[in-house]
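Asker: So the sequence shown is numbered by full-length UniProt numbering: it starts at 1 and just counts up by one.
Okay, handing you the structure first.
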Amino acid sequence: MSEELLRLSKRMSELGLCSRREADEWIAKGWVRVDGKVVSELGTKVYPSQKVTVERQAAAEQSKRVTILINKPMGYVSGQAEDGYTPAVALIKPENRWADDPSPEQFHPTQLRSLVPAGRLDIDSVGLLVLTQDGRIAKHLIGHDTEIDKEYLVRVQYTKPGKLPDADLKKLNHGLWMDGKPLLPAKVRWQNDDQLSFTLREGKKRQIRRMCEMVGLKVVGLKRVRIGKVKLGDLPTGQWRYLSPEERF
């Protein structure tokens, strides 16, 4: 079978070297080689069998990119400012850094450049939000084929008489449809009388609230406590810390 040409930036992303946006930056700077030759023209196409390498400067620049964990309070949006609401990135300033952050990283305003949320957390939800300058981490957390699961603690009220039937709890785990498609299996279990733990591998808009509505539950509080292997832990509300080099999602 003959090989199909791919955009160099797409191939670099597939190889896990960087994000497509970073790839375009590096190509423009002359930091990318294909089969040993520098390629500096954007839009260049390559065959998957060709060898793609990057110069040391690219790795050095990438290592300076930070990833920040924040305990998002209610009333802040994850991404761009909207409808008069403040984005969570506005909380990332020296006075809000967690005093117990073990990272030796020094804060510098340049770290706010290209710092984007890797995933969303609704305005009325709280807990762990990841903001990163590193395209590889963003792709790992929110790419189409991500295997990263996320855990939420959800306080609920049952809107019907009695208590939630076991059959409906089973439906929350597997069997509900949303936007015309079946949801991936989830792990949903009671933590106590009014709180459920949800572990999901997908993140449709307001997914947990909509899942709960389908079985007669009203969400009164929602907090994300874990993304992959990284936990919110003792990080106080409204404060942030750096992801340490040893931590992996």
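For each residue, glycine too, the CB sits at the ideal point set by N, CA and C.
Contact between the region 160-180 and the region 214-221: three or more CB pairs below 8 Å?
Answerer: Taking 8 Å as the limit for Cβ pairs, the verdict is that the region 214-221 does touch the region 160-180.
Asker: Nearest CA to the CA of Lys150: which residue from Gln111, Gly203, Pro102?
Answerer: As a first step, residue 150 must be located in the sequence shown, where it is residue number 150. For Lys150, the nearest C-alpha among the options comes from Gly203.
Asker: What residues in its chain sit with their C-beta under 7 Å from that of Arg21, if we drop five residues either side in the sequence?
Answerer: If you number the sequence shown from 1, residue 21 lands on position 21. Here the set comprises Gly135.
Asker: Grab the span of the beta strand (DSSP E) containing Arg155 for me, first residue to last.
Answerer: Counting from 1 along the sequence shown, the entry for residue 155 is found at position 155. Unbroken beta strand (DSSP E) run through Arg155: 150-158.
Asker: Using the C-alpha atoms, what's the distance from Glu247 back to Glu105?
Answerer: The count along the sequence shown starts at 1 and reaches residue 105 at position 105. The count along the sequence shown starts at 1 and reaches residue 247 at position 247. The alpha-carbon atoms of Glu105 and Glu247 are separated by roughly 14 Å.
Asker: So, residue 337 versus Met12, is the Cβ gap smaller than 7 Å?
Answerer: The first residue shown for the chain is 1 and the last is 249, placing residue 337 beyond what the model contains.
Asker: Between Asn96 and Phe107, what straight-line distance do the alpha-carbon atoms span, to the nearest angstrom?
Answerer: Indexing the sequence shown from 1 puts residue 96 at position 96. Indexing the sequence shown from 1 puts residue 107 at position 107. If I take the Cα positions, the gap works out to 11 Å.
Asker: In chain order, what residues of the same chain have a beta carbon less than 7 Å from the beta carbon of Thr53, not counting five sequence neighbours either side?
Answerer: Residue numbering aside, residue 53 sits at position 53 when the sequence shown is read from its first letter. Result list for Thr53: Arg33, in chain order.
Asker: From the DSSP output, in three-state form, read off Gly238 for me.
Answerer: By 1-based counting over the sequence shown, the position of residue 238 is 238. Correct three-state label for Gly238: coil.
Asker: Kindly indicate the opening and closing residues of the alpha helix (DSSP H) around Leu5.
Answerer: Within the sequence shown, the letter at position 5 stands for residue 5. Segment: none, Leu5 is in no alpha helix (DSSP H) and carries neither H nor E.
Asker: In chain order, which beta strand (DSSP E) runs of at least 3 residues are fully inside the UniProt domain "RNA-binding S4" (6-71)?
Answerer: Listed in chain order, they are 32-34, 52-54.
Asker: Let's see if you can read the secondary structure: which residues bound the alpha helix (DSSP H) around Gly135?
Answerer: For the purposes of this step, residue 135 is taken as the residue at position 135 of the sequence shown. Run containing Gly135: 135-142, per the alpha helix (DSSP H) assignment.
Asker: Using only CA atoms, which one of Ala186, Trp98, Pro109, Gly238 lies nearest to Asn173?
Answerer: Numbered from its first residue, the sequence shown carries residue 173 at position 173. The option with the nearest alpha carbon to Asn173 is Ala186.
Asker: Could you please give the first and the last residue of the uninterrupted alpha helix (DSSP H) stretch that includes Leu172?
Answerer: Here the question's residue 172 lines up with position 172 in the sequence shown. Counting along the chain, the alpha helix (DSSP H) containing Leu172 begins and ends at 166-173.
Asker: On a Cα-Cα basis, can you pick out the residue from Lys181, Tyr152, Lys205 that is closest to Val188?
Answerer: One-based indexing of the sequence shown puts residue 188 at position 188. Nearest C-alpha to Val188: Tyr152.
Asker: Does the region 65-76 come close enough to the region 114-133 to have 3 or more Cβ pairs within less than 8 Å?
Answerer: With a cut-off of 8 Å, the region 114-133 and the region 65-76 count as touching, because enough Cβ pairs lie within range.
Asker: Which full runs of the beta strand (DSSP E) of 3+ residues lie inside the region 66-111, going along the chain?
Answerer: Whole beta strand (DSSP E) segments, 3+ residues: 67-72.
Asker: Less than 7 Å separating the beta-carbons of Phe249 and Gly228?
Answerer: For the purposes of this step, residue 249 is identified with residue 249 of the sequence shown, where counting begins at 1. For the purposes of this step, residue 228 is identified with residue 228 of the sequence shown, where counting begins at 1. The answer is yes: Cβ separation under 7 Å.
Asker: Return the first residue and the last residue of the beta strand (DSSP E) that Ile227 is part of.
Answerer: By one-based count along the sequence shown, residue 227 stands at place 227. Its beta strand (DSSP E) spans residues 217-227.
Asker: Arg189 lies in the beta strand (DSSP E); which residues open and close that run?
Answerer: One-based indexing of the sequence shown puts residue 189 at position 189. From DSSP, the beta strand (DSSP E) with Arg189 extends over 187-192.
Asker: Shortest alpha-carbon distance to Trp190 belongs to which of Arg206, Lys163, Arg210?
Answerer: Against the sequence shown, residue 190 aligns to sequence position 190. Nearest C-alpha to Trp190: Lys163.
Asker: According to DSSP, which residues form a beta bridge with Lys181?
Answerer: The residue given as residue 181 occupies position 181 in the sequence shown. Paired residues: Met178.
Asker: Is the CB-CB distance between Pro117 and Leu131 below 7 Å?
Answerer: Within the sequence shown, numbered from 1, the residue matching residue 117 stands at position 117. Within the sequence shown, numbered from 1, the residue matching residue 131 stands at position 131. Contact flag set, yes.
Asker: Output the distance between the C-alpha atoms of Tyr125 and Ser114, rounded to the nearest integer angstrom.
Answerer: Reading the sequence shown from its first residue, position 125 is the one you call residue 125. Reading the sequence shown from its first residue, position 114 is the one you call residue 114. In the sequence as presented, Tyr is not what sits at residue 125; that position holds Ser. Distance between the alpha carbons of Ser125 and Ser114: 24 Å.
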